[in-house]
């Protein structure tokens with residue numbers, strides 16, 4: 001599969017991609033209990049390929065996809081697979097951060113200048129430039145929606161709302 005967002009082009013495959021070793025930055029991300037492997041090439045316009053990844057991840061069952069989110073304005077590529085989540089800068093390619101979810105990654109979404117990551121037991125936010133803004137624990141069944149910059153979160157029938165940029169209030173801190 002391949003797609004472009006703005007001037008960023010991404011190619012994904014379950015087979016090793018020709019040219020992956022020609023990328024400016026080549027990384028292997030492995031999970032000891034890996035159930036699936038995805039190869040990724042990404043770059044901007046004439047800086048192709050900037051990034052080459054081999055991602056071996058778990059869990060890889062229904063509900064825990066491999067997913068990327070591209071922010072062409074900042075040149076940041078968010079990658080989620082299994083329990084691992086990562087962000088890469090495509091200009092002068094480098095890993096910005098790596099994080100782990102407790103159970104499994106679900107997906108990415110963007111609201112203005114905030115990228116949300118949903119996982120089995122967590123909802124977290126980063127700026128579109130890759131800076132972590134906040135994270136909160138959740139427990140299934142849970143849902144969220146964002147409207148006019150406000151997150152409406154329902155965890156086990158307990159509703160809450162908070163600004164998407166600043167996250168939920170911190171409790172227990174004086």
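In the UniProt record's numbering, the protein residues as written are 1 to 174.
Yeah, the Cβ is synthetic: ideal placement off N, Cα and C, and Gly gets one too.
query, result
"Spatial distance of residue 19 from residue 3 (CA atoms)", "17 Å"
"Distance between residue 106 and residue 154 (C-alpha atoms, nearest Å)", "16 Å"
"Inter-residue Cα distance where the pair is residue 182 and residue 85", "Outside the shown range of the chain (1 to 174) lies residue 182, about which nothing can therefore be said."
"Residue 116 beta carbon less than 8 Å from that of residue 102", "no"
"Inside the stretch 3–49 only - alpha helix (DSSP H) runs reaching at least 4 residues", "none"
"DSSP state of residue 89 mapped onto helix, strand, coil", "strand"
"Residue from 14, 40, 72 and 70 with nearest C-alpha to residue 26", "40"
"Terminal residues of the beta strand (DSSP E) in which residue 162 lies", "158–163"
"Beta-carbon proximity check, residue 127 vs residue 113, cutoff 8 Å", "yes"
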